[in-house]
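A.B. asks: What follows is a single structure, and I will ask about it in a moment.
Protein chains: 2
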Amino acid sequence: MTRWRLIIEYDGGPFMGWQRQDHGPSVQQTLEEALQQMTGEQAPVHAAGRTDAGVHALAMSAHVDVSREMTPRRLREGLNALVRPQPISVLEIEPVADDWHARFSCTGRRYLYRILNRRAPAALDRGRVWHIPVDLDVKAMREGAAMLVGRHDFTTFRSAQCQSDSPVKTLDVLEVERSGEEIHLRSEARSFLHHQVRSMVGCLAMVGRGQWAPQDIGKALLARDRAALGFNAPPDGLYFAGASYPE
Amino acid sequence: MTRWRLIIEYDGGPFMGWQRQDHGPSVQQTLEEALQQMTGEQAPVHAAGRTDAGVHALAMSAHVDVSREMTPRRLREGLNALVRPQPISVLEIEPVADDWHARFSCTGRRYLYRILNRRAPAALDRGRVWHIPVDLDVKAMREGAAMLVGRHDFTTFRSAQCQSDSPVKTLDVLEVERSGEEIHLRSEARSFLHHQVRSMVGCLAMVGRGQWAPQDIGKALLARDRAALGFNAPPDGLYFAGASYPE
Numbered sequence: 009m010t011r012w013r014l015i016i017e018y019d020g021g022p023f024m025g026w027q028r029q030d031h032g033p034s035v036q037q038t039l040e041e042a043l044q045q046m047t048g049e050q051a052p053v054h055a056a057g058r059t060d061a062g063v064h065a066l067a068m069s070a071h072v073d074v075s076r077e078m079t080p081r082r083l084r085e086g087l088n089a090l091v092r093p094q095p096i097s098v099l100e101i102e103p104v105a106d107d108w109h110a111r112f113s114c115t116g117r118r119y120l121y122r123i124l125n126r127r128a129p130a131a132l133d134r135g136r137v138w139h140i141p142v143d144l145d146v147k148a149m150r151e152g153a154a155m156l157v158g159r160h161d162f163t164t165f166r167s168a169q170c171q172s173d174s175p176v177k178t179l180d181v182l183e184v185e186r187s188g189e190e191i192h193l194r195s196e197a198r199s200f201l202h203h204q205v206r207s208m209v210g211c212l213a214m215v216g217r218g219q220w221a222p223q224d225i226g227k228a229l230l231a232r233d234r235a236a237l238g239f240n241a242p243p244d245g246l247y248f249a250g251a252s253y254p255e
Numbered sequence: 009m010t011r012w013r014l015i016i017e018y019d020g021g022p023f024m025g026w027q028r029q030d031h032g033p034s035v036q037q038t039l040e041e042a043l044q045q046m047t048g049e050q051a052p053v054h055a056a057g058r059t060d061a062g063v064h065a066l067a068m069s070a071h072v073d074v075s076r077e078m079t080p081r082r083l084r085e086g087l088n089a090l091v092r093p094q095p096i097s098v099l100e101i102e103p104v105a106d107d108w109h110a111r112f113s114c115t116g117r118r119y120l121y122r123i124l125n126r127r128a129p130a131a132l133d134r135g136r137v138w139h140i141p142v143d144l145d146v147k148a149m150r151e152g153a154a155m156l157v158g159r160h161d162f163t164t165f166r167s168a169q170c171q172s173d174s175p176v177k178t179l180d181v182l183e184v185e186r187s188g189e190e191i192h193l194r195s196e197a198r199s200f201l202h203h204q205v206r207s208m209v210g211c212l213a214m215v216g217r218g219q220w221a222p223q224d225i226g227k228a229l230l231a232r233d234r235a236a237l238g239f240n241a242p243p244d245g246l247y248f249a250g251a252s253y254p255e
């Protein structure tokens with residue numbers, strides 16, 4: 009048996025999310041079925057993060073155990089051929105220790121959120137960005153973002169379905185940058201609550217529009233109440249950007 | 009009557025190309041039908057370049073005459089609402105002189121070609137890049153590209169369907185640059201022959217793979233014979249990037 013680590017890119021558009029669902033296609037099911045076709049084995053593929061419907065990945069980390077002996081290249085190319093035409097691509101694959109776990113060994117998760125900030129809607133990036141047609145105040149958004157960095161009770165920014173034991177998380181990074189016609193929000197933490205990134209981005213967009221002052225972010229955080237949330241940003245602009253592990 | 013200049017972004021994937029076709033959807037037809045819905049007028053939309061099936065535009069220039077009085081904002085937003093769900097977006101719109109012509113007044117056309125140069129296929133950019141899994145030699149490609157810059161008879165790089173009066177064109181720019189996992193080829197000329205960019209990129213990819221020496225590009229050019237062509241790059245990676253006009 010070999011435990012393989014996979015790094016996977018996917019377009020979340022056609023999927024119900026990472027995790028297997030009864031009611032529609034998922035990234036996990038697509039990969040597991042491709043593996044079964046190749047190896048005859050039924051093995052679960054575990055990921056560092058379970059992205060929601062419509063959320064993308066630039067570099068999702070995952071692992072799977074395979075009994076059949078194979079070279080990494082054969083496994084990667086076989087999977088990439090078999091997942092077609094689904095928009096999933098196995099970027100890298102390497103053997104890891106048997107106790108390495110994509111989710112439980114993970115010590116850091118990074119997300120990118122892309123806002124297209126111009127008058128005209130997206131044509132080429134439709135479904136891959138959140139289109140906000142009014143000019144956003146990036147400086148104000150940055151001030152608001154700074155209030156979220158650190159160890160806080162993020163109850164306000166947590167979905168009703170969140171399964172985390174505690175609402176207390178440490179947000180290490182929350183950067184807001186203009187890049188041409190886009191605004192990029194990069195966040196980093198050991199772990200996130202369900203919908204945390206989209207909730208934070210939704211509120212920061214209200215700051216950017218001038219509907220909230222930057223300090224309103226701090227007030228919403230202190231309220232520790234989901235009702236204090238502005239709103240959730242749509243999944244389209246969200247990308248799982250990478251996972252970190254101890255050496 | 010007002011003549012409007014439009015700058016348009018589109019994903020060429022679902023279209024038979026820019027130009028109206030009997031056998032499938034086109035960008036031109038989609039825009040003309042949206043205009044007719046808004047204004048009740050049937051007016052042709054003329055573009056700086058007629059992109060082929062599957063070729064995209066970052067900023068296509070076009071014009072159309074409209075009798076009904078409208079503000080630029082109303083026209084742009086109306087068109088963008090009516091072309092949905094097609095991946096077309098009118099980025100800018102402005103009134104121009106009655107004798108301004110998107111095609112005939114154009115003094116420069118720019119194209120971008122994107123090659124995804126990594127082992128794994130594209131997931132997020134499927135249909136938007138040409139995937140070449142073997143490492144390309146960018147330096148050699150640049151040497152080959154330099155042989156195409158200038159005034160030449162480009163018969164070798166011209167499709168059988170090309171309607172240009174002369175195969176002699178002046179290629180002002182042909183740059184090859186690595187950008188992360190991608191290789192970008194930027195070309196610029198007053199005008200191009202049909203399939204010229206894709207033919208040049210196809211041959212330069214052969215140089216990048218080491219199947220051709222850089223000098224073979226010069227030999228192919230001198231042959232002035234379509235049979236000397238390596239092959240055409242696919243439409244997926246090609247973007248009409250912009251058109252220039254006199255002040």
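Residue numbers (my numbering), protein chains in the order written: chain A, 9 to 255; chain B, 9 to 255.
The beta-carbon is built from N, C-alpha and C at its ideal position, and this holds for glycine as well.
For M78/B, does the three-state DSSP call read helix, strand or coil?
C.D. replies: Residue state, collapsed to three classes: coil.
A.B. asks: How do the stretch 86-102 of chain A and the stretch 48-58 of chain A stand: do at least 3 beta-carbon pairs fall below 8 Å, yes or no?
C.D. replies: Because the criterion of three Cβ pairs below 8 Å is not met, the stretch 86-102 of chain A and the stretch 48-58 of chain A do not touch.
A.B. asks: Nearest CA to the CA of K147/B: which residue from I101/B, L87/B, G216/B?
C.D. replies: Comparing Cα-Cα distances from K147/B to each of I101/B, L87/B, G216/B, the minimum goes to G216/B.
A.B. asks: At 7 Å on the CB atoms, spell out the chain B contacts of L99/A, in chain order.
C.D. replies: A128, listed in chain order.
A.B. asks: Any beta carbon of chain B sitting closer than 8 Å to that of I123/A?
C.D. replies: Cβ-Cβ to chain B under 8 Å: no for I123/A.
A.B. asks: Tell me whether the beta-carbon of A61/B lies closer than 8 Å to the beta-carbon of G25/B.
C.D. replies: Yes; because the gap between Cβ atoms is below 8 Å, this pair is in contact.
A.B. asks: Using a Cβ-Cβ cutoff of less than 6 Å, which residues in the same chain neighbour L39/A once the five nearest sequence positions on both sides are dropped?
C.D. replies: Cβ neighbours of L39/A beyond the five flanking positions: V53.
A.B. asks: Strictly below 8 Å CB to CB, what residues from chain A border N88/B?
C.D. replies: Neighbours of N88/B on chain A, chain order: A128, P129.
A.B. asks: Residue range of the beta strand (DSSP E) that A197/A falls in?
C.D. replies: Where A197/A is concerned, the enclosing beta strand (DSSP E) stretches over 190-197.
A.B. asks: Mapping the DSSP letters down to three states, classify I140/A as helix, strand or coil.
C.D. replies: Here I140/A sits in coil by DSSP.
A.B. asks: Determine, using beta-carbon pairs with one atom in the stretch 204-213 of chain B and one in the stretch 150-164 of chain B, whether at least three such pairs fall under 8 Å.
C.D. replies: Yes, they touch.
A.B. asks: What three-state label does DSSP hand F248/A in the structure shown?
C.D. replies: Reduced to three states, the DSSP call for F248/A is strand.
A.B. asks: Could you say which of Q223/B, Y121/B, H202/B lies nearest to E3/B if we only look at CA atoms?
C.D. replies: In this structure chain B extends from 9 to 255, so residue 3/B is not present and cannot be described.
A.B. asks: So the candidates are A130/A, Y119/A, V137/A, L237/A; which of them puts its Cα closest to the Cα of E183/A?
C.D. replies: The shortest Cα separation from E183/A among A130/A, Y119/A, V137/A, L237/A belongs to Y119/A.
A.B. asks: Report the residue from V74/B, H31/B, G57/B whose alpha carbon sits nearest the alpha carbon of G48/B.
C.D. replies: Looking at the Cα atoms, V74/B is the closest of the given residues.
A.B. asks: Have a look at the DSSP bridge pairing and note the partners of I123/B.
C.D. replies: I123/B pairs with W138/B, I191/B.
A.B. asks: Could you spell out where the alpha helix (DSSP H) holding R234/B opens and where it closes?
C.D. replies: No alpha helix (DSSP H) contains R234/B, which DSSP labels as neither H nor E.
A.B. asks: Does the Cβ of F165/A have 16 or more other Cβ atoms within 10 Å, making it buried, or fewer, making it exposed?
C.D. replies: So F165/A ends up on the buried side.
A.B. asks: Can you tell which of L156/B, M46/B, D19/B has its C-alpha closest to the C-alpha of P33/B?
C.D. replies: Nearest of L156/B, M46/B, D19/B to P33/B, Cα basis: D19/B.
A.B. asks: Which residues mark the beginning and the end of the beta strand (DSSP E) in which E41/B is found?
C.D. replies: Taken as a continuous stretch (DSSP letters only), E41/B belongs to no beta strand (DSSP E), being part of the alpha helix (DSSP H) at 35-47.
A.B. asks: Is R159/A helix, strand or coil when you go by DSSP?
C.D. replies: DSSP places R159/A in strand when its eight states are reduced to three.
A.B. asks: Please determine if the stretch 80-89 of chain B and the stretch 237-255 of chain A are in contact, where contact requires at least 3 C-beta pairs separated by less than 8 Å.
C.D. replies: Touching, no, given that fewer than three Cβ pairs across the two stretches are closer than 8 Å.
A.B. asks: Thinking C-beta only, is R58/A closer than 8 Å to Q27/A?
C.D. replies: Their beta carbons are under 8 Å apart, which means Q27/A touches R58/A by this criterion.
A.B. asks: Count the other C-beta atoms from every protein chain shown that fall within 10 angstroms of the C-beta of H31/A, then say buried if there are 16 or more, exposed otherwise.
C.D. replies: H31/A should be labelled exposed.
A.B. asks: Measure from the C-beta of R186/B to each C-beta in chain A and report whether the shortest distance is under 8 Å.
C.D. replies: For R186/B, the answer is no, since every Cβ of chain A falls outside 8 Å of its Cβ.
A.B. asks: Determine the DSSP secondary structure at D73/A, reduced to helix, strand or coil.
C.D. replies: DSSP places D73/A in strand when its eight states are reduced to three.
A.B. asks: Could you have a look at V146/B and say whether DSSP puts it in helix, strand or coil?
C.D. replies: V146/B falls in the helix class under three-state DSSP.
A.B. asks: For I140/B, would you say it is in contact with chain A, using Cβ-to-Cβ distances shorter than 8 Å as the test?
C.D. replies: It does not; no Cβ of chain A falls within 8 Å.
A.B. asks: Against Y18/A, what residues of chain B qualify as contacts under a CB-to-CB distance less than 8 Å, listed in chain order?
C.D. replies: Going along chain B in sequence order, the residues near Y18/A (Cβ under 8 Å) are A131, L132.
A.B. asks: Following the continuous alpha helix (DSSP H) through L99/A, name the residue where it begins and the one where it ends.
C.D. replies: Element bounds for L99/A: not the alpha helix (DSSP H) but the beta strand (DSSP E), 96-104.
A.B. asks: Could you give the distance in angstroms between the alpha-carbon of Q196/A and the alpha-carbon of A221/A?
C.D. replies: Checking the sequence shown, residue 196/A turns out to be Glu, not Gln. Between E196/A and A221/A, the C-alpha separation is close to 24 Å.
A.B. asks: Going by other Cβ atoms of all chains shown within 10 Å of its Cβ, with 16 needed for buried, is S187/A buried or exposed?
C.D. replies: It is exposed - the Cβ of S187/A has fewer than 16 other Cβ atoms within 10 Å.
A.B. asks: Beta-carbon of I191/A versus every beta-carbon of chain B: anything under 8 Å?
C.D. replies: Chain B contact via Cβ: absent.
A.B. asks: Please identify the residue among V176/A, H202/A, R194/A whose C-alpha is closest to the C-alpha of L230/A.
C.D. replies: Ranking V176/A, H202/A, R194/A by Cα distance to L230/A puts V176/A first.
A.B. asks: Nearest by alpha-carbon distance to F200/A: which of L99/A, C114/A, M46/A is it?
C.D. replies: Cα-wise, what sits closest to F200/A is C114/A.
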